[in-house]
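Chains as they are written, first to last, in our numbering: chain A, 1 to 502; chain B, 503 to 1022.
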Amino acid sequence: MSADTILSFEEAMEKYDPVLGFEVHVELNTKTKMFSSAPNVFGDDPNTNVNEVDLGLPGVLPVVNKAAVESSIKIGLALNCKIAETCRFARKNYFYPDTPKNFQTSQYDEPIAYDGYLDIELEDGTVFRVEIERAHMEEDAGKLTHMGGAAGRIQGADYSLVDYNRAGVPLVEIVTKPIEGAGSRAPELAKAYVAAVREIVKNLGVSDARMERGNVRCDANVSLRPHGQERFGIRSETKNVNSLRAVEHAVRFEIQRHAAVLDSGQPVIQETRHWHEDTRTTTSGRAKSDADDYRYFPEPDLVPVVASREWVEELRATLPEPPAERRKRLQADWGYSDLEFRDVVNAGVMDSIEETIAAGASASVARKWWMGEIVGRAKTADVDPAELGVSPQTIVELNALVEEGKINNKMASQVLDGVLAGEGTPAEIVEKRGLAVVSDDGPLLEAIDAALAAQPDIAEKIRGGKLQAIGAIVGGVMKATRGQADAGRVKELILERLGVEG
Amino acid sequence: MTDSNELIRLSAAALAAKLGAREVTSVEVTQAYLDRIAAVDGQVNAFLHVNAEEALAVAAEVDAIRAAGGAAAEELHELAGVPIAVKDLIVTIGQPTTAGSKILEGWHSPYDATVIKKLRAAKMPILGKTNLDEFAMGSSTEHSAYGPTRNPWDLDRIPGGSGGGSAAAVAAFEAPLALGTDTGGSIRQPGAVTGTVGVKPTYGAVSRYGAIAMASSLDQIGPVSRTVLDSALLQEVIGGHDPQDSTSLTDSFDNLVAAARTGNVKGMKIGIIKELHGEGYQAGVENRFNESLELLKEAGAEIVEVSCPNFKYALGAYYLIMPSEVSSNLAKFDGVRFGLRVLPKEGPLTIERVMGATRAAGFGDEVKRRIILGTYALSAGYYDAYYGSAQKVRTLIQRDFDAAFAQADVLISPTAPTTAFKLGEKLNDPLAMYLNDVATIPANMAGVPGLSLPGGLADEDGLPVGIQLLAPAREDARLYRVGAVLESLLEEKWGGPLLDRAPELQAPAIGAANTVGGSN
């Protein structure tokens, strides 16, 4: 397959106006599956979390998981959607071996949530409203692994393995209305939108929201039209773009590719596209037209889902604060500058800082530790800062040791290493490693006298009122005590020794 | 001690009484039926699988509990030890389930249907699995992939369908009770043509979990028996809410046996459905129907006439809704996870081609016909005209029933327009075959309960005629009340059960019988 020609992004933007659309699938973290009592657990041995319903054996019937409906309503509410009073499931009929019944039980013309919106804040603070068409419930398919052949695709494979553990996992599919007017910020908006959805479902606690595990999956629709034209161009749908960065890159690539196709006078083909992370390009998938006939009809084995207004209001009352509002509140509470706060958010330590403050640290102390000590270590270890293994309590304890003068900052960093190495609590590590600040004035005075004697001219300057010169003496003392002295105390003692008022 | 030939002719209620009084053991009863199956099923072909070993083990267990006495014996279900046959559309652990199709030949379900769990809880020995039209699609049992079942009244005639196996087994005294499924008449029409009783309960009264779906919105499991009381007893065993079936009702249906024992219809209004008799109905059927009306009138019921004008669209709408659901429900039979797998004879081995070859080889013509019809009816551009319109008709039929039940407590009609026809007679004329269900389909379309009981023999051919009673949804008890009264009036007139008049099935020549294990 020859590589697609593309236009530069800038040139594409000069000539065309992009229209976007997203279908984001969110896997819910309910205990059991959408229509069966089999466990909904990721990562177990293939085909162990299945029962006769998931395998679509003859005679089985589905039963709707109430917890999944509850999660779906919460998602709908968080997306500012209306919640249908009653809605039905439908069967989407197609033959494919990852779908055990050869139909997917989904919602068609009666989604549980519809007509919502999400305000997306871009990095520079611009707010862009994305209209939500609908959020509907459905079941996930099994996972096919194509063996032999190239690229892990079914074409050319020798055989395929299927794992039905994922079959029947509850999904909510969130579909946007066409997103117009994003212009050159389309790729950025794409990433920000998916990030916002991921953040919302994580914040609601309804999904593990881990994109690398496929908990949140994005299909990105892109079309271009010449500036000034109202009618939409023909769209492509890039499937399974499963990281935030990839969403941005995929939209950008498709804009560039469409622009080149249109420039050559050819029509864009309506089709699905496969995303390739390695080359950051897409390739042609299957032709997709609006006439794909899934022979939808209402699922006769299920009764309608009824969401009484009381229930919806009960659920609304349990919703956590929306992430964007929460960020605004936290920044104000903590008194961080815009820059400081953005760094905290980008580093992914906002929640950790909040917990640390709740555990008793001040906002500035919490930030100092997370941004100064932990983020760097997490980067080295290639894990999320929150997963490094530092508890808010550890930080509070460490900070207390510093403030009490028992250890200094340099030692605190060593103690943190000890905590991460599993050596115990900060206090235990201070003890074990013998890191306590020397606070017995006897040895300190000896070292101070020695330092003063070694630098009599500096001692003289201090006596003369040039207090800033004290650093040289302090440095000498610290060197002599191998850093174990409390610099503050050293300073006091020097001044005492020289009879100078501090 | 009762002679085994007498034993097998007893009703389930009478058997239960004898078992309870320890006049007979369940092993004796079960063995008597197994012997009868061995003797006559070679001719009737009602059974696809005989479950002798397990049935006898369950019977022995019941006998041991009764012999030991005490609390365990007290707690035994009334029907404990009474054997039963099960339509082979209902999945069972320990026995194959074929749905009458090659595509499931040899398949064993790893789970029991809810009704099977209930039979096991009641400790009813399961004699085996009965024949049916493939996936319950047909009105003659000729569409079984395992050969037709024959009508015990005349072995050259059909036993009705799709549940011909269950009806014939009960009519031929191969079982006192059986389970059937009724999507458009598959319990009631075989009951009519074999001189037995069959009930389609209210939709949702009996769990469908484990009944291989034909048309989910129409299917219902129900009892097959020789008396109205026996069906009431059986429906109380298998009914009740099932959390595994979202369409199952939470109402209790524990007044059915009491209703069957009530014994009067005085002051009840019984409605004749104008559109379900007369033209198109065999004269002998019409005569027996009128005779039943007279008997009910004499017993104090008021006979009124009601009109259900939309019933004339029922058959057409049924043949859109049912195949639509069939096309989707049968998609799972693809050779990937269970059942038959056929590889294409030539060309590449892609998944689509394996699925195609499997379905081409595994399904019979009638099944394919309905899958194709349904696929077409659900297709974009046709959905509104076909499936959508048919759903509207369904609503109209429900309204007709509502109006009719405002005028009458129960409705009455012949169950089928004709008596049993000859094997092969309508096999190549699907439309003529479909017309057999014209009187039974409206109940499925509206979800209301229906019962068929023997109404006598048609004058012209001496074959059984069925009388159908219909009641409002959730009012199954009314069927049993009226049915039991009509049954006793008719039997009084005949001087005994109608099945006493069925010809004796001759023991076959050596070598022609099925061999059944466990015979003594």
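The beta carbon of each residue, even a glycine, is placed where N, CA and C say it ideally should be.
What is the rounded straight-line gap between the Cα of residue i and the Cα of residue j?
i: B/D939; j: A/F232; result: 52 Å
i: B/P612; j: B/H779; result: 45 Å
i: B/N507; j: B/V593; result: 31 Å
i: A/E496; j: A/L401; result: 25 Å
i: B/N553; j: A/C81; result: 56 Å
i: B/Q1008; j: B/I510; result: 16 Å
i: B/V546; j: A/I174; result: 58 Å
i: A/L79; j: B/Y885; result: 32 Å
i: B/T532; j: B/V617; result: 20 Å
i: A/D4; j: A/A412; result: 55 Å
i: B/S748; j: B/Y936; result: 30 Å
i: B/G1013; j: B/P919; result: Its pLDDT being 45, under 50, B/G1013 is placed unreliably by the model, and the measurement read from it follows with that caveat. Their Cα atoms are separated by approximately 38 Å.
i: A/S264; j: A/L7; result: 11 Å
i: A/L122; j: A/A182; result: 11 Å
i: A/Q525; j: A/E237; result: Residue 525 of chain A lies beyond the range of chain A shown here (1 to 502); nothing can be said about it.
i: A/D449; j: A/V477; result: 9 Å
i: B/M503; j: B/V730; result: Any reading at B/M503 is ruled out, since the residue's pLDDT is 46, under 50, leaving its predicted position unreliable.
i: A/E501; j: A/I462; result: 10 Å
i: A/K33; j: B/L797; result: 56 Å
i: B/P671; j: B/D732; result: First, the amino acid is wrong: residue 671 of chain B is Ala here, not Pro. Answer to the nearest angstrom: the Cα atoms are 15 Å apart.
i: A/R129; j: A/A381; result: 37 Å
Would you give the residue range spanned by the alpha helix (DSSP H) that residue i belongs to?
i: B/P612; result: Careful: B/P612 lies outside any alpha helix (DSSP H) and carries neither H nor E.
i: A/Q104; result: Unbroken run through A/Q104 is the beta strand (DSSP E), 103 to 106; no alpha helix (DSSP H).
If I follow the unbroken beta strand (DSSP E) through residue i, where does it start and stop?
i: B/K924; result: First-last for B/K924: undefined, no H or E at that position.
i: B/L735; result: Where B/L735 is concerned, there is no enclosing beta strand (DSSP E), although the alpha helix (DSSP H) it sits in stretches over 730 to 740.
i: B/P956; result: 952 to 959
i: A/S236; result: 236 to 241
i: B/V808; result: 804 to 808
i: B/S727; result: 723 to 727
i: A/N93; result: 90 to 93
Between which residues of its own chain and residue i is the CB-CB distance below 6 Å, once the five residues before and five after are set aside?
i: B/G741; result: A707, V708, F755
i: A/E355; result: P392
i: B/G667; result: A548, T632, N633, L634, T651
i: B/E827; result: A717, S718
i: B/H579; result: A624
CB-CB under 7 Å to residue i, same chain, minus the five flanking residues each way: which ones, in chain order?
i: A/A186; result: P18, L20, V251, I255
i: A/D44; result: N165
i: B/V987; result: G765, N766, V767, A801
i: B/A1015; result: Confidence at B/A1015 is low in this model, with a pLDDT of 44, below 50, so its placement is unreliable and the value that follows should be read with caution. Same-chain partners within the cutoff: A540, A541, G544.
i: A/P178; result: V19, G21, F232
i: B/G1019; result: Any reading at B/G1019 needs caution, since the residue's pLDDT is 41, under 50, leaving its predicted position unreliable; the model's value is listed next. The answer, listed in chain order, is A554, E555.
Can you check DSSP and say which residues form a bridge with residue i?
i: B/I914; result: B/I774, B/L971
i: A/V127; result: A/E121
i: A/Y16; result: A/P226
i: A/A113; result: A/I83, A/A135
i: A/F42; result: Answer by DSSP bridge pairing: none, since A/F42 is not bridged.
i: A/Y159; result: A/M147
i: B/I628; result: B/I586
i: A/W275; result: A/T282
i: A/P170; result: A/E139
i: B/R901; result: Beta-bridge pairing links B/R901 to no other residue.
Starting from the C-beta of residue i, find all residues in its chain whose C-beta is less than 8 Å away, skip the five residues before and the five after it, and write them out in chain order.
i: A/G148; result: G156, A157, D158, Y159
- Message: If the cut-off is 7 Å on Cβ atoms, which residues from the stretch 814 to 846 of chain B count as contacting chain A, listed in chain order?
- Response: S826, E827, S830, A833, K834, D836, V838, R839, F840
- Query: Along the stretch 45 to 62 of chain A, what residues have a CB closer than 9 Å to any CB found in chain B?
  - Reply: Within the stretch 45 to 62 of chain A, N51, E52, V53, L55, G56, L57, P58, G59, V60, L61, P62 place their CB atoms closer than 9 Å to a CB of chain B, listed in sequence order.
- Item | Residues, ordered as in the chain, of the stretch 586 to 616 of chain B that lie near chain A by beta-carbon distance below 8 Å | Within the stretch 586 to 616 of chain B, the residues whose Cβ lies closer than 8 Å to some Cβ of chain A are I592, V593, T599, A601, L606, W609, S611, P612, Y613, A615, listed in chain order.
- Query: Of the residues that make up the stretch 878 to 889 of chain B, which ones have a beta carbon closer than 8 Å to any beta carbon in chain A?
  - Reply: L880, S881, A882, Y885, Y889
- Query: Any residues in the stretch 725 to 755 of chain B with a beta carbon nearer than 8 Å to a beta carbon of chain A? Which ones, in chain order?
  - Reply: P745, Q746, D747, S748, T749
- Task: Mind checking the stretch 284 to 310 of chain A against chain B and listing, in chain order, the residues whose C-beta falls within less than 7 Å of any C-beta there?
- Result: A291, D293, R295, F297, P300, D301, L302, V303
- Interface residues of the stretch 693 to 718 of chain B facing chain A [CB-CB below 8 Å]: Those would be R710, Y711, G712, A713, I714, A715, A717, S718, in chain order.
- When Cβ atoms are compared, which residues of the stretch 126 to 154 of chain A fall closer than 9 Å to chain B? Cβ contacts with chain B come from I154.
- Taking any Cβ of chain B, which residues in the stretch 77 to 93 of chain A have a Cβ under 9 Å from it, in chain order? R91, N93
- Item | Against chain A: residues of the stretch 854 to 874 of chain B by CB proximity under 8 Å | E854, M857
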